[in-house]
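So the sequence lines, in the order shown, correspond to chains A and B.
This note's numbering applies: residue 1087 is where the first sequence begins, and numbers increase by one.
This note's numbering applies: residue 45 is where the second sequence begins, and numbers increase by one.
Glycine is no exception: its CB is placed at the ideal position from the N, C-alpha and C atoms.
All values derive from a computational prediction rather than experimental measurement.
Notes for the one structure printed next.
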Amino acid sequence: MTRGGTPASRAGIGLRAPHVEAVARLRPPVAFLEIHAENVMADLRLRQAVLALRRDHPVAVHGVGMSLGAPEGIDGGHLARFAAIVSLFDPCLVSEHLALAGTHGVFVNDLLPPPMTRAALDAASANVARVQDAIGRPILVENPSRYIAWEGDEMDEAQFLSALVARTGCGLLCDVNNIHVSAHNLGFDALAYLAALPHAAIGEIHLAGATEERLGNETLLIDAHAEPVGDPVWALYAQSVALFGPRPTLVEWDAGLPPLDVLLAEAAKADRVAGAALSSAA
Amino acid sequence: MDASARALARRMDALVAAILDGVADPDAPLPRGLLAGPGRLAIHRRHTRVSLTIALARTYPAIERLVGEAFFAAAASRFIATEPPRDPVVALYGAAFPDFLGRLEACAGFPWLADVARLEWLIACASLALPPSPVDPATLPRDRDARARLRLRWNNAAALLASPWAVGEIVAAMRLSAGMAQGIDLDTLPPARLCVLPGAAGPRVIDLAPSEFAFRQAIRDGETLAVASARAVPSCDPEQALASLLADGVATLATDEA
């Protein structure tokens, strides 16, 4: 999972195009920069700019369009582009989502959680194995954020991810905000979920802000990446670090992108929270 | 594929269809087997609609200003539902939007709208590409006959657009100011003959004379320099057209001759 410079178990930031110039100028002391693979597939200017940043920072590649949950298999053309990006950047970390991005060549620009069934596990396992074969290294698979669930689930998500790790040798990207969002929306215990994950397989943590939304009589959490990391997610992050130790951690922010210094402050806070959690655990 | 895999595939197909149907119609039916009311699926429907509408607005800012945010959002919803992305790279979404606008009955009174969108699509494509390098004219053969037989290789980062409407002026006016393109008299402005290509500071839109446009069109279509030059005359000096094309890096020296 790690080449191209192993990132320290500290915080990095999700690099978005509006911040590239400032990052190049300021060279902030973050552990790594994470880019979306799809953003540098078409945008050759952004690709060139990020390649230049790679001289100062380890770069992680995060896919958002592979559709690892697709029952019919993943798109060969997209996989080839993804493999080319991985080859070009030699990233410190490579990750994708346990999600469906579309079916039969039609995409919804969203990450839809698959059902937790043996058939879905078979499909995801085949897809993860195919990606890993194509890029010649294991990937980290990210747990989805959930608003919906399906009838007939045969296992919970932690069991599903554990089986995926066992079958494919992949690692996990533990998105703490997604756990918080899903646990709230579907009514499960976030700490029990964390405890049930195969900790040794966790190679990265994601943090982001969730947004509250009223829906009839209930309040849902939306994985909007549009605000600072909330206190419940900081608490869950501290518990994660206490449970399985520090990991390269990413602060994501996509909608309503703030100035770079706000994002850097969030990354610095992640380092402080992890440090405090380790001190308390010791 | 066994029965459970087929059932999974049907369920996932139904989910994607329900999301896309719901982009334009909030009352579209839910997929079977979903343990959630329409409000929860609406979160996914909204994400698809909003994120793709933002992507379209980023590519078509002049169109959004011309038709207004509300009409643009409604048109985008219909477009997303009927012509969803065929590629997970969202920057590549929206190539069919100009034709879609051209078919919209509500836009029938604005015959130039689709061509404005076509120009914006080319500008968006140029914004993703690296600027081409100028070609040194000295690298072309000196021999007159060899030069006449030469076919240059068109740089795919460059594109040509012809329109009966002054779409370059419309896009420039709408992108530079948030107001309407007042003061643009489409009846008096000449038709557009444009070359769009990446530049060092962003996309370049070059206004060409008809003869120079014809010259570049011939080069793009793989004609020899002799044919391209014949199309450039009488109102344009072919040597000048060639020098300008090479300086823009719109075409490069190819090795194949006629």
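With contacts defined by Cβ atoms closer than 8 Å, D1261 of chain A and H1311 of chain A do not form a contacting pair.
Residues are counted here when their Cβ sits less than 7 Å from a Cβ of chain A; for the segment 73–92 of chain B these are G77, L78, L79, A80, G83, R84, L85, I87, H88, H91 and T92, given in chain order. Close to chain B, meaning a Cβ-Cβ distance shorter than 8 Å, are the following residues of the segment 1196–1229 of chain A: D1196, L1198, P1200, P1201, T1203, R1204, A1205, A1206, D1208 and A1209. A direct Cα-to-Cα measurement between S1181 of chain A and A106 of chain B gives close to 37 Å. With distances taken between CA atoms, L1277 of chain A lies nearest to A:L1329 out of A:I1121, A:A1135, A:L1329 and A:P1114. Taking the C-beta atoms as reference points, V179 of chain B is found no nearer than 8 Å to L241 of chain B.
Taking C-beta atoms as the reference points, V1126 of chain A and I1099 of chain A fail to come closer than 8 Å. Distance from A262 of chain B to A272 of chain B at the Cβ level is roughly 4 Å; contact confirmed, criterion being Cβ atoms closer than 8 Å. In the DSSP assignment, N1195 of chain A falls within the unbroken beta strand (DSSP E) covering V1192 to L1198. Close to chain A, meaning a Cβ-Cβ distance shorter than 8 Å, are the following residues of the segment 53–69 of chain B: A53, R55, M56, D57, L59, V60, I63 and L64. Burial is judged here by how many other beta carbons sit within 10 angstroms of a residue's own beta carbon; S1173 of chain A has fewer than 16 and is exposed. With respect to chain B, the C-beta atom of I1234 of chain A has a partner C-beta closer than 8 Å. The beta carbon of A1110 of chain A sits closer than 8 Å to the beta carbons of A1135, A1138 and L1139 from its chain, once the five residues preceding and following it are set aside; these are given in chain order. Residues of the segment 95–117 of chain B with a Cβ closer than 8 Å to any Cβ of chain A, in chain order: S95, L96 and A99. For H91 of chain B, no beta strand (DSSP E) run applies; the uninterrupted alpha helix (DSSP H) run containing it begins and ends at P82 to T103, by DSSP. Excluding the 5 residues flanking it on each side, P1284 of chain A has same chain C-beta neighbours closer than 6 Å at S1248 and V1251, in chain order. Between A1169 of chain A and I1221 of chain A a beta carbon distance of about 5 Å is seen, short of the 8 Å cut, so the two are scored as contacting. A203 of chain B sits in a strand when the DSSP states are folded into three classes. Out of A:G1302, A:V1147 and A:A1235, the CA that lies nearest to the CA of D1176 of chain A is found in A:V1147. Under a criterion of Cβ atoms nearer than 9 Å, the residues of chain B adjacent to T1189 of chain A are, in order, A53, M56, D57, L59, V60 and A61. With a threshold of 16 other beta carbon atoms within 10 Å, E1338 of chain A meets it and is buried.
Ranking A:G1255, A:L1259 and A:L1280 by CA distance to the CA of H1266 of chain A puts A:L1280 first. For the segment 125–142 of chain B, the beta-carbon criterion of a distance under 9 Å to any beta-carbon of chain A is satisfied by P128, P129, R130, D131, P132, V133, V134, A135, L136 and Y137. Beyond the five residues adjoining it in sequence on each side, F1246 of chain A comes within less than 7 Å, by CB distance, of M1202 and L1207 in the same chain, given in chain order. Residue nearest to I214 of chain B within the set B:A203, B:D229 and B:N200 is B:D229 (criterion: CA-CA distance). Within the segment 169–184 of chain B, contact with chain A at the beta-carbon level (separation under 7 Å) is assigned to L172, A173 and L174.
None of the residues of the segment 240–268 of chain B has a beta carbon lying less than 7 Å from any beta carbon of chain A.
Judged by beta-carbon spacing, A68 of chain B lies within the 8 Å limit of A125 of chain B, meaning their Cβ atoms are closer than that value. Contact annotation: E1228 of chain A and L1184 of chain A have beta-carbon atoms nearer than 8 Å. Between P208 of chain B and the set B:P234, B:A216 and B:H91, the nearest pair of CA atoms involves B:P234. Annotated as distal: F144 of chain B and L100 of chain B, with beta-carbon spacing of 8 Å or more. The C-alpha of A182 of chain B lies about 55 Å from the C-alpha of L1259 of chain A. In its chain, beyond the 5 residues on either side, Y137 have a beta carbon closer than 8 Å to the beta carbon of D131 of chain B. Distance from the CA atom of F1193 of chain A to the CA atom of N199 of chain B, rounded to whole angstroms, is 30 Å. DSSP, reduced to helix, strand and coil, places V160 of chain B within a helical segment of the structure shown.
Under the 8 Å criterion on CB atoms, R1253 of chain A is classed as non-interfacial with respect to chain B.
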